[in-house]
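Residue numbers (this note's numbering), protein chains in the order written: chain A, 50 to 260; chain B, 50 to 260.
Even for Gly, the Cβ is constructed at its ideal location relative to N, Cα and C.
Take a look at the structure below.
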DNA sequence: TTTTAATTGTTGCAAATGCAACAATTAAAT
DNA sequence: ATTTAATTGTTGCATTTGCAACAATTAAAA
């Protein structure tokens, strides 16, 4: 994922953040945050630590929208935070910079580092967009098996390897694929039995030819 | 959807496009296009006409990724065109401008209209991002009924009205929701019978309180 | 107008899936 | 080391869904 401060020197970085009136915040581990600033559009940047953007619907089903580490960018639009049902959860002690979206987007200046920052944001949201599209590819598959195989195909394609290391646990994977965990577990068993895959913890090896 | 040339005068627009080496193309109705330029990242802008970005998978299932009219922006990253499985279909005679993504993103200039264009692109992709997130919200619902209700909720929210006008036909709606058309038809019947909705052609009226 | 094509509606049935309830295993905390 | 919590695995069963096959309706073309 592109660094939001790519091609901006530390000195210009400071200037930029000052210019855009950055808000620097620190939060402890396992805390729901930002419930207070839902009224306006923001851009948030994770400077250190890890956060999850999650959603809990009226049935109590939890969905992980995304997980962000250092240099991770989020915010209204970038992630749909305006919707009251979304929450941000710190997984570790976390430092966050908050910017005002409208302020950032409508700032008038000829400073090069500002325009570089906008370009970086464009690249970042582009990258996120691709990920969203991939998730949609998966979710539009009609069976659990096809969802799993599509997920494997995408993950395998990232590094061009038949060996996949799951970036989250099986419970969270089921959430990501929007399927019942138990049903997924059953389907994984079938895929193992039929010789399609090999599973060792979070390491999955694909034993079939790419389709 | 934001105009990609917002806040850029027609004169500067011409300069910008010349500078970025635009490629102007015209296509007749109902034509699969752009199969030729999959090798590099592009930004496409629909100047007139209508196109659909579609996907046909190995099972023959067609998915409409998005439909774009005048000022619609698409391209690698914006829409996952590098993937060989995607196609662009003109629904009318269509004029398209093609730009080179890397060229656009890495161009070096202090011209204001260029930076305005980048900002516009950022806004556009932001808007698309929101739409993708909404679709994911729908697709993560586990039953056809909940998918329909979530879709209604989002559409209703757009104009704050209980009356929805479907932007596409029922066949395409089923594609969008990634469900079987017949099963959707059945579920819509139940929703009508239970007094939740009223359907007249593409006009759907919600008869229940927002949840 | 007549014919043809596209869209929408209907329904039986087999297959897939969510759910529930619980066991087994692994990780974390004390 | 022991206890507690979290994650993973398993399975019967009711429900939901996709699929197929076809009828009805609407739109487009000849």
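Cutoff 8 angstroms: residue 230 of chain A Cβ touching any chain B Cβ
Residue-level contact check: residue 230 of chain A does not touch chain B, since none of the beta carbons of chain B fall below 8 angstroms from its beta carbon.
Give a yes or no on whether the C-beta atoms belonging to residue 71 of chain B and residue 146 of chain B are separated by under 8 angstroms.
Judged by beta-carbon spacing, residue 146 of chain B lies within the 8 angstroms limit of residue 71 of chain B, meaning their Cβ atoms are closer than that value.
Counting only Cβ pairs nearer than 8 angstroms, list the residues of chain A close to residue 154 of chain B.
For residue 154 of chain B, the chain A residues whose C-beta falls within less than 8 angstroms of its own C-beta are 168, 171, 172, listed in chain order.
In chain A, which residues lie with their C-beta within 7 angstroms of the C-beta of residue 184 of chain B?
Residues of chain A passing the Cβ test: 185.
Simplified DSSP state of residue 220 of chain A, which is helix, strand or coil
Three-state DSSP puts residue 220 of chain A in a helix.
Looking at the structure shown, is residue 228 of chain A part of a helix, part of a strand, or coil, going by DSSP?
In the displayed model, residue 228 of chain A falls within coil according to three-state DSSP, outside both helix and strand.
Checking contacts by CB at 8 angstroms: is residue 223 of chain B closer than that to chain A?
No, residue 223 of chain B lies away from the interface with chain A (no Cβ there is under 8 angstroms from its Cβ).
Cβ of residue 189 of chain A within 8 angstroms of any chain B Cβ:
Cβ-Cβ to chain B under 8 angstroms: yes for residue 189 of chain A.
Using a Cβ-Cβ cut-off of 8 angstroms, state whether residue 159 of chain B counts as contacting chain A.
Yes, because at least one Cβ of chain A sits closer than 8 angstroms to the Cβ of residue 159 of chain B.
Might you give, ordered along the chain, the residues of its own chain that have their beta carbon closer than 8 angstroms to the beta carbon of residue 203 of chain A, omitting 5 neighbours on each side?
Hits under 8 angstroms: 183, 186, 187.
When you compare only the Cα positions, how much space is there between residue 251 of chain A and residue 201 of chain A?
In a straight line, the C-alpha of residue 251 of chain A is about 12 angstroms away from that of residue 201 of chain A.
Kindly indicate if chain B contains any beta-carbon less than 8 angstroms away from that of residue 178 of chain A.
When Cβ-Cβ separations below 8 angstroms define contact, residue 178 of chain A makes contact with chain B.
Strictly below 9 angstroms CB to CB, what residues from chain B border residue 227 of chain A?
Within chain B, the residues near residue 227 of chain A are 185, 188, 189, 190, 191.
Are any of the Cβ atoms in chain A nearer than 8 angstroms to that of residue 75 of chain B?
Among the CB atoms of chain A, none fall inside 8 angstroms of the CB of residue 75 of chain B.
Less than 8 angstroms between CB atoms is the rule here; does residue 51 of chain B satisfy it with respect to chain A?
Not a single CB atom of chain A sits nearer than 8 angstroms to the CB of residue 51 of chain B.
Give the range of the alpha helix (DSSP H) segment to which residue 57 of chain A is assigned.
No alpha helix (DSSP H) holds residue 57 of chain A; DSSP gives it neither H nor E.
Per DSSP, the bridge partner or partners of residue 135 of chain B:
Residue 135 of chain B is bridged by DSSP to B:104.
Is there contact between the segment 114-125 of chain B and the segment 230-237 of chain A, where contact requires at least three CB pairs shorter than 8 angstroms?
Too few Cβ pairs lie closer than 8 angstroms, so no.
Cβ pair residue 191 of chain B, residue 227 of chain A closer than 8 angstroms
Contact: yes.
Cβ shell of residue 162 of chain B (< 8 angstroms), same chain only, five flanking positions each side left out
Only 57, 58, 61, 62, 64, 65 meet the Cβ criterion.
Are the C-beta of residue 181 of chain A and some C-beta of chain B separated by less than 8 angstroms?
A Cβ of chain B is located within less than 8 angstroms of the beta carbon of residue 181 of chain A.
How far does the alpha helix (DSSP H) with residue 197 of chain A in it reach, from first residue to last?
Its alpha helix (DSSP H) spans residues 193-208.
Tell me the residue span of the beta strand (DSSP E) that contains residue 76 of chain B.
Going by DSSP, residue 76 of chain B is part of the beta strand (DSSP E) stretching over 72-76.
Residues that DSSP places opposite residue 214 of chain A in a beta bridge:
Per DSSP, A:252.
For residue 257 of chain B, does the count of other Cβ atoms within 10 angstroms reach 16, so buried, or fall short, so exposed?
Within 10 angstroms of the beta-carbon of residue 257 of chain B lie fewer than 16 other beta-carbons, which makes it exposed.
In chain A, which residues lie less than 8 angstroms from residue 112 of chain B when you measure between Cβ atoms?
Within chain A, 189 have C-beta atoms less than 8 angstroms from the C-beta of residue 112 of chain B, given in sequence order.
At 3 residues or longer, and completely inside the segment 117-189 of chain B: list those beta strand (DSSP E) runs for me, N to C.
Counting whole runs of 3 or more residues, the segment 117-189 of chain B contains the beta strand (DSSP E) stretches 122-124, 135-139, 143-149.
Check whether the Cβ atoms of residue 144 of chain A and residue 96 of chain A lie closer than 8 angstroms to each other.
Their beta carbons are under 8 angstroms apart, which means residue 144 of chain A touches residue 96 of chain A by this criterion.
Since residue 139 of chain B contacts residue 78 of chain B with CB under 8 angstroms, what's their CB separation in whole angstroms?
Residue 139 of chain B to residue 78 of chain B, Cβ: 6 angstroms. Contact.
How about residue 112 of chain A and residue 229 of chain A: are their beta carbons less than 8 angstroms apart?
Residue 112 of chain A places its beta carbon 8 angstroms or farther from that of residue 229 of chain A.
Report buried or exposed for residue 153 of chain B, applying the criterion of at least 16 other Cβ atoms within 10 angstroms of its Cβ.
Within a 10 Å sphere around the beta-carbon of residue 153 of chain B sit 16 or more other beta-carbons, which makes this residue buried.
Can you give me the start and stop residues for the beta strand (DSSP E) that residue 50 of chain A sits inside?
Run containing residue 50 of chain A: none; DSSP gives neither H nor E here.
Could you tell me the boundaries of the beta strand (DSSP E) in which residue 95 of chain B lies?
Per DSSP, residue 95 of chain B belongs to the beta strand (DSSP E) from 91-97.
How would you call residue 141 of chain A, buried or exposed, if buried means at least 16 neighbouring beta carbons within 10 angstroms?
With fewer than 16 neighbouring CB atoms inside 10 Å of its own CB, residue 141 of chain A falls in the exposed class.
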